[in-house]
Each structure stands twice: as C-alpha cells, then as structure tokens.
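Residue 29 in numbering that gives the first Met the number 0 sits at position 30 of the sequence shown, with consecutive numbering throughout.
Following: one structure in structure tokens, then a few remarks.
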Amino acid sequence: MPNPYYVTFTPPEELVKATLEAVRLARASGKIRKGVNEVIKAIERGQAKFVVISTDVDPPEIVAFLPTLCEEKKIQYMFVGSKNQLGEMAGLSVPASSVAIVDPGEAKGYLEEIIKRVAEIRQGR
Numbered sequence: 000m001p002n003p004y005y006v007t008f009t010p011p012e013e014l015v016k017a018t019l020e021a022v023r024l025a026r027a028s029g030k031i032r033k034g035v036n037e038v039i040k041a042i043e044r045g046q047a048k049f050v051v052i053s054t055d056v057d058p059p060e061i062v063a064f065l066p067t068l069c070e071e072k073k074i075q076y077m078f079v080g081s082k083n084q085l086g087e088m089a090g091l092s093v094p095a096s097s098v099a100i101v102d103p104g105e106a107k108g109y110l111e112e113i114i115k116r117v118a119e120i121r122q123g124r
C-alpha cells in the first residue's frame, strides 16, 4: 500500500519494530494515550513525549493533521504501517490510529534512541 499524503518520511523497518516495542514497554511500565482524541489532548497539553501514527487509517483525514500538530509542539513522531499492530502493542483488542507515549517508563533509553534516529531521518528528508 502506498503511503498516504500525510506521511512525511518513510522509516526503516527496524525502526518501526523498535517503535512498536517501545509502545509495548511504555504501556507496561509507563503511560500511554490511545486514539486520536487522547493523543491530541496529550500533544496540546505538552504531555506527549513521542507520538506514533498508523499509515493505514481510513479515512486518512483522521490522523492527517497529527504530524503538523507534533511539529508545532516540537514533539517527535513516527509512522507505523499497521493500526492493528499498533493497537495490539497498546494493549487494545481493536486497531489504534495513533498512540502518544506520555511516560516511557522502562522504554526511556530505548525511546531516546528512537527519537534521535527519527530526528536524523527527518532532517535528511
């Protein structure tokens, strides 16, 4: 499936896997927000440390503005190809269009490395 128009960069597969693992770790030991409305609130309140956005959301308008919102608030974000996988890692029995990591918990060191890699990729775009 081609990337929708809101995808501003294409992350390497190993970074996608690392991001999903960070979501799982943060869910288990820290705090995450799930779903677009909760993610928007976390971004606007300055609570989100990192945002993960699915690229297979239909209609794409549901999440299309999240990259811009993250950039305005200086929050790094990442794309993953599967809302089903993201939902699973977030502990949901349904797909997740987006997730915000509010407290990375045990994923802190892992997340710092992911954020660094994402920043490098985005600067190179």
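All residues carry an ideal CB built from backbone N, CA and C; glycine is no exception.
### Query
Just checking my contact of isoleucine 74 with valine 50 at CB under 8 Å: how many whole Å lie between their CB atoms?
6 Å
### Query
Among the residues of its own chain, which have a CB less than 8 Å from the CB of leucine 24, if the five just before and after it don't count?
Pro103, Gly104, Glu105, Ala106, Tyr109
### Message
DSSP has arginine 32 in a bridge; who is on the other side?
### Response
According to DSSP, which records beta bridges pairwise, arginine 32 is partnered with Ala99.
#### Entry: Which of helix, strand or coil DSSP assigns to isoleucine 52
strand
### Query
glycine 45: which of Gln84, Tyr4, Lys72, Val6 sits nearest, CA to CA?
Lys72
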